[in-house]
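What follows is a set of notes on a single structure, which appears directly below.
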Amino acid sequence: MNILVVEDDAELNRSMADLLTLEGFRVFPAHTLLEARGLLRKGFGAALLDIMLPDGDGYRLINLLRASGEDTHILMLTALSDSESKRICYEAGADDYITKPFDLTELLFKIGAIKRRVDDHPFRLRIGDLAIDRRTGEMTCGPNQTQLQPSQVRLLESLAAKRQIGEPLDLREIGGTGDESETNRRRRVRTLMTRTRRSLRDVGSRKVQIVSDYGSGYHLEVRV
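For the record, in the sequence shown the residue sitting at position 31 is 57 according to our numbering, with numbers rising by one throughout.
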């Protein structure tokens with residue numbers, strides 16, 4: 027499992043990275059928001075985010091991680107233990123928090139729990155405010171849910187993958203038969219896009235939109 031560690035305290039960053047590496051995780055350390063942004067395409071099962079960083083706060087990374095398409099479990103590192111600070115952590119989209127100073131053993135317990143959840147849900151795709159079960163086709167947004175057809179799941183998977191490398195999804199990459207005419211291909215893709223956009227509206231997504239790139243294909247727009 028890949029773990030992103032964003033902490034500006036060099037000694038603490040190194041201690042966490044060394045410990046997690048010894049436990050068999052692939053660790054990607056960063057000390058600033060800028061460094062962390064450059065690592066987001068790696069795909070992370072977990073992210074440890076310091077709240078106070080030299081170039082901003084760790085909350086700004088939460089939406090970027092959620093928009094990446096990965097079901098990243100986010101653990102905030104905070105020196106604040108009051109109820110209001112905890113509320114802000116959760117409302118920002120964090121899954122858990124750990125209060126500084128903390129024992130590294132406690133960190134390992136939390137990471138172990140995250141790994142078990144990741145292992146239990148290897149088929150989940152996370153895009154913005156959406157969670158999609160690749161096996162069942164169930165798509166949820168907060169308390170709302172809707173059912174996707176397999177072709178819609180494949181479409182959203184492809185769009186999310188293309189988004190990570192900054193490219194549109196070409197019409198020719200959207201499955202079909204090899205002997206399909208161009209007219210039939212365009213008609214089929216148009217129907218699929220219409221149906222999937224309707225599903226995004228039905229489930230109440232406010233952050234994810236399929237955008238047409240006229241002449242080149244489609245891309246996902248994920249608001250942060």
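For every residue, glycine included, the Cβ atom is placed at its ideal position computed from N, Cα and C. On a predicted model such as this, the values are computed, not experimentally measured, just so you know.
| request: For residue 237, collect the residues of the same chain with a Cβ closer than 8 Å to its Cβ; drop the 5 residues on either side in sequence, then sort them by chain order. | output: 244, 245, 246 and 247
| message | Could you pull the DSSP bridge partners for residue 20 from this structure? | response | This structure does not reach residue 20, given that the chain is present from 27 up to 250, and the question cannot be answered.
| request: Quickly, what does DSSP pair residue 236 with across the bridge? List them, please. | output: 246
| request: Check each candidate in 84, 164 and 67 and name the one with the smallest Cα separation from residue 59. | output: 84
| query | Is it the case that the Cβ atoms of residue 56 and residue 30 are separated by a distance below 8 Å? | reply | Cβ distance < 8 Å, so residue 56 and residue 30 count as in contact.
| query | Bridge partners of residue 171, per DSSP? | reply | BP columns for residue 171 point to 166.
| query | Quick one: is residue 104 buried, meaning 16 or more other Cβ sit within 10 Å of its Cβ, or exposed? | reply | buried
| Are there 16 or more other CB atoms within 10 angstroms of the CB of residue 154, so buried, or fewer, so exposed? | buried
| Does the Cβ-Cβ distance between residue 175 and residue 164 come in under 8 Å? | Cβ atoms of residue 175 and residue 164: not closer than 8 Å.
| request: Count the other CB atoms, across all protein chains shown, that sit within 10 Å of the CB of residue 191; report buried if there are 16 or more and exposed otherwise. | output: exposed
| Of the choices 228, 185 and 224, whose alpha-carbon is the least far from that of residue 239? | 185
| task | Could you give the DSSP three-state label for residue 54: helix, strand or coil? | result | strand
| request: Could you tell me whether the Cβ atoms of residue 179 and residue 200 are closer together than 8 Å? | output: no
| query | From residue 101 to residue 221, what does the alpha carbon distance come to, in whole angstroms? | reply | 36 Å
| Backbone secondary structure at residue 27 - three-state DSSP | Assigned with DSSP and collapsed to three states, residue 27 falls in coil, not helix or strand.
| field | Neighbourhood of residue 80 by C-beta, 6 Å cutoff - its chain only, sequence neighbours within 5 removed | value | 34 and 58
| field | Closest Cα partner of residue 161 within the set 106, 150 and 87 | value | Answer by Cα proximity: 150.
| said: DSSP has residue 78 in a bridge; who is on the other side? | reply: Per DSSP, the beta-bridge partners of residue 78 are 83.
| query | Buried or exposed: where does residue 116 fall if 16 or more other Cβ atoms within 10 Å of its Cβ makes it buried? | reply | exposed
| task | Could you check which residue in 233, 46, 61 and 167 has the C-alpha nearest to that of residue 132? | result | Checking every option, the nearest Cα to that of residue 132 belongs to 46.
| Sub-8 Å separation of residue 28 and residue 71 beta-carbons | yes
| In the structure shown, what three-state DSSP assignment does residue 32 receive? | Strand, per DSSP.
| field | Residues that residue 152 bridges to, as DSSP identifies them | value | 157
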